[in-house]
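Engineer: Let me give you the structure first, and then I'll get to my questions.
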Amino acid sequence: MLITNRWINDLIGLLFPEVCYSCGVGLFRGEKMVCTKCLYDLPFTDYHKYKENRVAKQLWGRLPVNAAMAMLYFRKGGKVQTLIHRLKYHNKTEIGVFLGNMLGEKLKEAPLYGDIDIIIPVPLHRKKLKLRGYNQSAFIASGIAEQLGVGFRDDVLVRVTSTESQTKKSRFSRYENMLLVFKVEIEAEILNRHVLIVDDVITTGATLEACASVLLAKGAAKVSIAALAFAE
């Protein structure tokens, strides 16, 4: 039976080959979504090992975050951009869970993330959510939750105002633009708890700062931040 199942799987793989979401090369048996070579080439930051990393320093003096990190460096034209682009714009939500699992494994090694009570993704406004059909950060967060064995909720924090693109704004303009954008819908879920906020890519940190500020104002005991990537 085992040999028969393997033969069937090989036939399916021949007819419908799975390819690496990063480079497009066919995957070998045992590889999943990203080939071994691309995984080896991913630009890991190792920020989870250091409290005073570049992401954390970017938020210093802005709000009292317990810990902040990003797993990968985001570089234009790089493998990380390709993976995140497929996740966000091509309905490849399984990439979010896959990379979220990897991120969760990293967080297991970090004492500052050892007492997380609840994981919350950065929310999309309902109009963008309807247009895209899903929140990519929610899939990343669910992958982290699987690894940490912690509750994941995507209905606790909501985006009440739709903001324009932040890409070409200055840091201060982004911060101003994010004020009053988020609202805590279920305060009991965060009250006196350590909340982990999850996003896909950190640029200036304005969005995460706004989320964290609202959560702390509504009674969260601590807020930590984790993202897939950090845009240098």
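In our numbering, each residue's number is its place in the sequence shown (first place is 1) plus 157.
Backbone N, C-alpha and C fix where the C-beta goes; we use that ideal spot for every residue, glycine too.
Would you tell me roughly how many angstroms separate the C-alpha atoms of Leu-240 and His-205, rounded to the nearest one?
Structural biologist: Distance between the alpha carbons of Leu-240 and His-205: 21 Å.
Engineer: Report yes or no: do three or more beta-carbon pairs, one from the segment 281-294 and one from the segment 352-371, lie closer than 8 Å?
Structural biologist: Contact holds: three or more Cβ-Cβ distances are below 8 Å.
Engineer: Would you kindly work out how many angstroms separate the C-alpha atoms of Thr-202 and Leu-305, rounded to a whole number?
Structural biologist: Spanning the two alpha carbons is a distance of roughly 20 Å.
Engineer: Can the beta-carbon of Asn-349 be found closer than 8 Å to that of Ala-378?
Structural biologist: Yes, the pair counts as a contact, with Cβ atoms nearer than the cut-off.
Engineer: State the beta-bridge partners of Ile-354 as determined by DSSP.
Structural biologist: Ile-354 pairs with Ile-277 and Ile-382.
Engineer: Give me the Cα-Cα distance between Glu-344 and Leu-256, rounded to the nearest whole angstrom.
Structural biologist: Those two C-alpha atoms are separated by around 29 Å.
Engineer: Rounded to a whole number of angstroms, what is the C-alpha to C-alpha distance between Ala-374 and Val-352?
Structural biologist: So the two alpha carbons sit approximately 13 Å from each other.
Engineer: If you draw a straight line from the C-alpha of Ser-322 to the C-alpha of Lys-208, how long is it?
Structural biologist: Residue confidence is low: Ser-322 scores 49 on pLDDT, short of 50, so the model does not pin down where it sits. Its coordinate-derived value is still stated next. Rounded to the nearest angstrom, the two C-alpha atoms are 30 Å apart.
Engineer: Since Val-317 and Lys-340 are thought to touch, with beta carbons under 8 Å apart, how far apart are those beta carbons, to the nearest angstrom?
Structural biologist: Contact holds; Cβ gap of about 5 Å.
Engineer: For Tyr-230, name the three-state secondary structure that DSSP assigns.
Structural biologist: Note: Tyr-230 maps to strand in three-state DSSP.
Engineer: Is the CB-CB distance between Glu-366 and Arg-219 below 8 Å?
Structural biologist: Yes, these two residues count as a Cβ contact at 8 Å.
Engineer: When DSSP builds the beta bridges, which residues end up paired with Ile-359?
Structural biologist: For Ile-359, which the question treats as bridged, DSSP gives the partners Phe-387.
Engineer: Is Leu-260 buried or exposed, if buried means 16 or more other CB atoms sit within 10 Å of its CB?
Structural biologist: Answer is buried; the Cβ neighbour count reaches 16.
Engineer: Quick one: what does DSSP say His-205 is sitting in, helix, strand or coil?
Structural biologist: DSSP places His-205 in helix when its eight states are reduced to three.
Engineer: State the Cα-Cα distance for the pair Glu-188 and Val-222, rounded to the nearest angstrom.
Structural biologist: Distance between the alpha carbons of Glu-188 and Val-222: 37 Å.
Engineer: Quick one: measure Cβ to Cβ for Ile-275 and Gly-308, integer angstroms, because I've assumed they're closer than 8 Å.
Structural biologist: So it is a contact: roughly 5 Å between Cβ atoms.
Engineer: Take the Cβ of Leu-362 as the centre, count every other Cβ of all protein chains shown within 10 Å, and call the residue buried at 16 or more, exposed below.
Structural biologist: For clarity, residue 362 is Gly in the given sequence; the question names Leu instead. Classification of Gly-362: buried, given that the 10 Å Cβ count is 16 or more.
Engineer: My output table needs one value for Leu-373: the three-state DSSP class, helix, strand or coil.
Structural biologist: If DSSP states are grouped into helix, strand and coil, Leu-373 belongs with the helices.
Engineer: Going by CA-CA distance only, name the one from Val-182, Thr-193, Thr-364 and Gly-181 that's closest to Leu-281.
Structural biologist: Here the closest residue by C-alpha is Thr-364.
Engineer: If we ignore side chains and look at the alpha-carbon of each, how far apart do Leu-229 and Gly-253 end up?
Structural biologist: Rounded to whole angstroms, Leu-229 to Gly-253 spans 14 Å at the Cα level.
Engineer: Around the Cβ of Gly-376, are there at least 16 other Cβ atoms within 10 angstroms (buried) or fewer (exposed)?
Structural biologist: Classification for Gly-376: exposed.
Engineer: If we ignore side chains and look at the alpha-carbon of each, how far apart do Thr-193 and Arg-283 end up?
Structural biologist: Roughly 37 Å separates the two Cα atoms.
Engineer: Let's see if you can read the secondary structure: which residues bound the beta strand (DSSP E) around Val-341?
Structural biologist: From DSSP, the beta strand (DSSP E) with Val-341 extends over 339-341.
Engineer: Considering Leu-314, what are the terminal residues of the beta strand (DSSP E) in which it resides?
Structural biologist: Per DSSP, Leu-314 belongs to the beta strand (DSSP E) from 314-316.
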